[in-house]
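Visitor: For the sequence shown, the numbering used here gives the first residue as 67, with consecutive numbering after it. Beta carbons: idealized from backbone N, C-alpha and C, even for Gly. Everything numeric in this text was worked out from a predicted model, so none of it was measured.
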Amino acid sequence: MYCKITPEFIENLEKIVGKVHVISDKTAMEDFSHDETAPGVAVTHLPDVVIKPSSSEEIAKILRLANEKSIPVTPRGAGTGLAGGAVPIYGGIVINLERLDKIIEIDEDNLMITVEGGAPLMKIYEALDKTDLFLPPHPGEESAQVGAAVATNAGGVRTVKYGVMRTFVKGAEVVLPTGEILQLGGKLLKNNTGYNLLELLIGSEGTLCLFTKIILRLLPKPKEIMILLLEYKDAKSAIATVPKLLKTGEIPLGLEYIERESITPSEKMLGETWPAKGEAFLMVVVVGNDQDELYSICEKIMEIGEENGALNVLLADKKKEQDIIMKIRSNIYEGLRPDMLEIFDIVVPPSMIAVFVEKVREVSSRNQVKLLVYGHAGDGNVHVHLMREGIEKDWKQKLEQVKKELFEVGKNMGGKITAEHGIGVVKAGDIFYSLSEKEIELMKSIKKVFDPKNILNPGKVLPD
Ligand SMILES: Cc1cc2nc3c(=O)[nH]c(=O)nc-3n(C[C@H](O)[C@H](O)[C@H](O)COP(=O)(O)OP(=O)(O)OC[C@H]3O[C@@H](n4cnc5c(N)ncnc54)[C@H](O)[C@@H]3O)c2cc1C
C-alpha cells in the first residue's frame, strides 16, 4: 500500500533540511521506534528515516514529497505519549520537531504567548516565570512538546480548575498532509467565522496536520499556593469526599486521589518520603492572591475532610514541602511502569467517581488482578493501573478481560475510554466503546478530506 524509501528519496530529503538533519542509521533511529506506553500494550517499529526540519516550509516540502511517493509520515514530539501515537507502525518518515523550539513572543498586553510547535513545555513555563503570567495546563511530563500537547489535547493536574489544553489554544499555524500551510484563529478571544477548523485539529493526534506554531492564552499568575493532604484509612471514604469538595464554591487547582501503594515505588526511586501517613489520600491544591483568604479556604477543606472520614489533614504551605509532594506525585507513573501492564485513562462524570472506583475494586477481585488507582479524581479521571503481579502466565487474556470490563463500567456511567492519553494505536480498535458507527464514519470522511492518500500517521485514532 505504501512505497519503499529509496536512497534517491533520502537524498531529496537531505536537500530540504541538510544532510546532518536526516538520520537513517538503525541504531540512531532506535529512540524513535517507541514511546512511553505501558509495557503490556506498547508497540515498537523502526522508521526508515528520521528528519528534523527547522521551519513550516521545510515540513510542507517533505509532506508534498511523501504524498507524491505515497510514503507514511509520523509526527513526533518528545515521545512521552502513552498510546503509541508517535510510533511509526508502517515505517516511513518520522518528522521530529525538536528544532522548531522557539518562544516567538510573550504578548503581555493581550495575555498571549506564541511558540513554535516543538518547544518543550518546560521551556515555556521557564520563559513565563519571568512574567506575572502563566499557562494553566500542566501535563505530568514537562519535556513534552507544545505541538504534541495540543495534538493530544493534554490535560494534567490543573484541569479541574482551568480545563485542558484546548481551552487555551487561540491560534495555530499548521501544515496539512498535502503540504499546504494554514493560519488558523489568532490572538482572539471570540471568533465565530465559519466552521472551527482549529478546534477540529486540536486533539487529532497527528493524523490531520502538524502544529508548527501555536498562540496560547495566558492568565495572571496566582501569588500563593497551598497543598493539603487529606489522609484516609481506605479508598472509599477518600473518593466519596471528592464531589463534596467540588461543591465548596472554590474549585481547587488540583484534586487528586492517591493510594499509599502507588507512591512507594516513586518514593524509593527519588529517595524522598511522602509526608503523610494513612493508606489513601486526597491531594488538594489551592491557589489565590491573598494568604488569609487561602488559609480560610484550607480550613473549609479540612472541615469537609474531617466530616467525611479524613483521619488527619496535612497542610503544606512551605515551598520545600510542596516540592517534595509534587515530585513524588509526578513520578508515580515512572515508579510503577516496570511492573505495569497497562494504564487505563477512563473518564466518568465527576459525581460518579466514587461508584467508578468501587466498580474497579469489583473488577479487580473478580479477575484476581492488582489494579492500582490514582489520579485526577476532580476531573472524574482516575488512572487505573493493571499490575503484572500474580498473573505472569496468562497476562494477555487477563489484560483483555480487564480492559473489556473496565471500558463497559465507564460506558455504563456515561464515560469515555480516554480522557487525556488519547487513542493512538493502542486504543484504535476500542473506539466503538465510546463512539457510534455514524461518528466513526464521519471521522473517516474527515480524514479522507484532509489526507486523501492516508499518509499522515496512518493506523492511529481510527481503526484500519
Ligand atoms: C510520566 C508521564 C506523565 C504524563 N502525564 C500526563 C498528563 O498529566 N496529562 C496528559 O494529558 N498526558 C500526560 N502524559 C502523556 C504525554 O506526556 C502527553 O500526551 C504529551 O502531550 C505528549 O507529548 P510528546 O511531545 O511527548 O508527544 P509524542 O509522544 O511525541 O506524540 C504524541 C502524539 O502527538 C503527535 N504529534 C507530536 N507532535 C506533533 C505536532 N507538532 N503536530 C501534530 N501532531 C504531533 C504524535 O504523532 C503522537 O500522535 C504523561 C506521560 C508521561 C510519560
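Where does Leu254 land, buried or exposed, given buried means 16+ other C-beta within 10 angstroms?
Guide: By one-based count along the sequence shown, residue 254 stands at place 188. Exposed is the call here.
Visitor: When the Cα of Ala144 is compared with those of Thr218, Asp195, Glu74, Ile489, which residue comes out closest?
Guide: To locate residue 144, count along the sequence shown from 1; it is residue 78. With distances taken between Cα atoms, Ala144 lies closest to Thr218.
Visitor: Short check: CB of Leu79 to CB of Ile125, under 8 Å?
Guide: Taking the first residue of the sequence shown as 1, we reach residue 79 at position 13. Taking the first residue of the sequence shown as 1, we reach residue 125 at position 59. No, these two residues do not count as a Cβ contact at 8 Å.
Visitor: Compare the Cα-Cα distances from Arg454 to each of Leu465, Glu327, Thr273 and report the closest residue.
Guide: For the purposes of this step, residue 454 is identified with residue 388 of the sequence shown, where counting begins at 1. The option with the nearest alpha carbon to Arg454 is Leu465.
Visitor: Could you compute how far the alpha carbon of Met178 sits from the alpha carbon of Ala185?
Guide: Here residue 178 corresponds to residue number 112 of the sequence shown, with the count starting at 1. Here residue 185 corresponds to residue number 119 of the sequence shown, with the count starting at 1. Near 16 Å, if we compare the C-alpha coordinates of Ala185 and Met178.
Visitor: Does the beta-carbon distance from Leu42 to Val426 come in below 8 Å?
Guide: It is not possible to answer for residue 42, since the shown part of the chain is limited to 67 through 530.
Visitor: Where does Glu424 fall in DSSP's three states?
Guide: For the purposes of this step, residue 424 is taken as the residue at position 358 of the sequence shown. Glu424 falls in the helix class under three-state DSSP.
Visitor: Our contact map puts Glu102 next to Thr72 with C-beta atoms below 8 Å; I'd like the distance itself, whole angstroms only.
Guide: The residue labelled residue 102 in the question sits at position 36 within the sequence shown. The residue labelled residue 72 in the question sits at position 6 within the sequence shown. In fact, because the Cβ distance is near 32 Å, the residues do not count as touching under 8 Å.
Visitor: At a cut of 8 Å, does the region 429-443 reach the region 313-328 through at least three beta carbon pairs?
Guide: Yes, the region 429-443 is in contact with the region 313-328.
Visitor: Do the region 134-143 and the region 152-169 touch if we need at least three Cβ pairs shorter than 8 Å?
Guide: Yes: at least three Cβ pairs fall under 8 Å.
Visitor: For the region 393-412 against the region 442-451, do three or more pairs of beta-carbon atoms, one drawn from each stretch, fall closer than 8 Å, so that the two count as touching?
Guide: Yes: at least three Cβ pairs fall under 8 Å.
Visitor: Heavy atom of ligand 1 less than 7 Å from the Cβ of Asn523, yes or no?
Guide: Position 457 of the sequence shown, counted from the first residue, corresponds to residue 523. Yes, Cβ of Asn523 sits closer than 7 Å to a heavy atom of ligand 1.
Visitor: Considering only DSSP beta bridges, list what His451 is partnered with.
Guide: If you number the sequence shown from 1, residue 451 lands on position 385. Note: His451 sits in a beta bridge opposite Ile409, Leu438.
Visitor: Residue ranges of each alpha helix (DSSP H) run of no fewer than 4 residues wholly in the region 247-314, ordered along the chain?
Guide: 263-267, 301-312, all fully within the region 247-314.
Visitor: Any heavy atom of ligand 1 within a distance shorter than 7 Å of the CB on Lys548?
Guide: Beyond the ends of the chain as shown, which are 67 and 530, falls residue 548; an answer cannot be given.
Visitor: Which of the three DSSP states, helix, strand or coil, is assigned to Ile324?
Guide: If you number the sequence shown from 1, residue 324 lands on position 258. If DSSP states are grouped into helix, strand and coil, Ile324 belongs with the strands.
Visitor: What is the DSSP secondary structure of Pro518, reduced to helix, strand or coil?
Guide: Position 452 of the sequence shown holds residue 518. The answer is coil: DSSP assigns Pro518 none of H, G, I, E or B.
Visitor: Starting from Pro141, trace the beta strand (DSSP E) in both directions and tell me its first and last residue.
Guide: Position 75 of the sequence shown, counting from 1, holds the residue named residue 141. 139-142 is the span of the beta strand (DSSP E), which, as asked, contains Pro141.
Visitor: Among the candidates Pro105, Ile128, Lys343, whose CA atom is the shortest distance from the CA of Gly84?
Guide: For the purposes of this step, residue 84 is identified with residue 18 of the sequence shown, where counting begins at 1. Of the candidates Pro105, Ile128, Lys343, the one whose C-alpha sits nearest the C-alpha of Gly84 is Ile128.
Visitor: Per DSSP, Ala193 forms a beta bridge with which residues?
Guide: Start at 1 with the first residue of the sequence shown, and residue 193 comes out as number 127. According to DSSP, Ala193 bridges with nothing at all.
Visitor: Using a threshold of 8 Å, state whether the C-beta atoms of Ile280 and Val235 are closer than that.
Guide: For this step, residue 280 is matched to residue 214 along the sequence shown. For this step, residue 235 is matched to residue 169 along the sequence shown. Contact: yes.
Visitor: Contact defined as beta carbons within less than 8 Å: I believe Ala376 pairs with Leu296. What is the distance between those atoms, to the nearest angstrom?
Guide: Indexing the sequence shown from 1 puts residue 376 at position 310. Indexing the sequence shown from 1 puts residue 296 at position 230. Ala376 to Leu296, Cβ: 4 Å. Contact.
Visitor: In terms of residue numbering, what span does the alpha helix (DSSP H) encompassing Ile169 cover?
Guide: Translated into the one-based positions of the sequence shown, residue 169 becomes position 103. Ile169 -> not in any alpha helix (DSSP H); beta strand (DSSP E) instead, spanning 169-173.
Visitor: In the DSSP output, what is Pro186 paired with across the bridge?
Guide: The residue you call residue 186 lines up with position 120 of the sequence shown. Gln211, per the DSSP bridge assignment.
Visitor: Under a Cβ-count criterion, where at least 16 other Cβ atoms within 10 Å of its own Cβ denotes burial, should Gly272 be classed as buried or exposed?
Guide: The sequence position of residue 272 within the sequence shown is 206, counting from 1. Looking at its Cβ environment, which holds 16 or more other Cβ atoms inside 10 Å, Gly272 is buried.
Visitor: Within the present structure, is the beta-carbon of His100 separated from the nearest heavy atom of ligand 1 by less than 7 Å?
Guide: If you number the sequence shown from 1, residue 100 lands on position 34. Not under cutoff, so the answer is no.
Visitor: Ligand 1 and Thr244: does the residue's C-beta get closer than 7 Å to at least one heavy atom of that ligand?
Guide: Along the sequence shown, one-based indexing puts residue 244 at 178. False, no ligand heavy atom lies under 7 Å from that Cβ.
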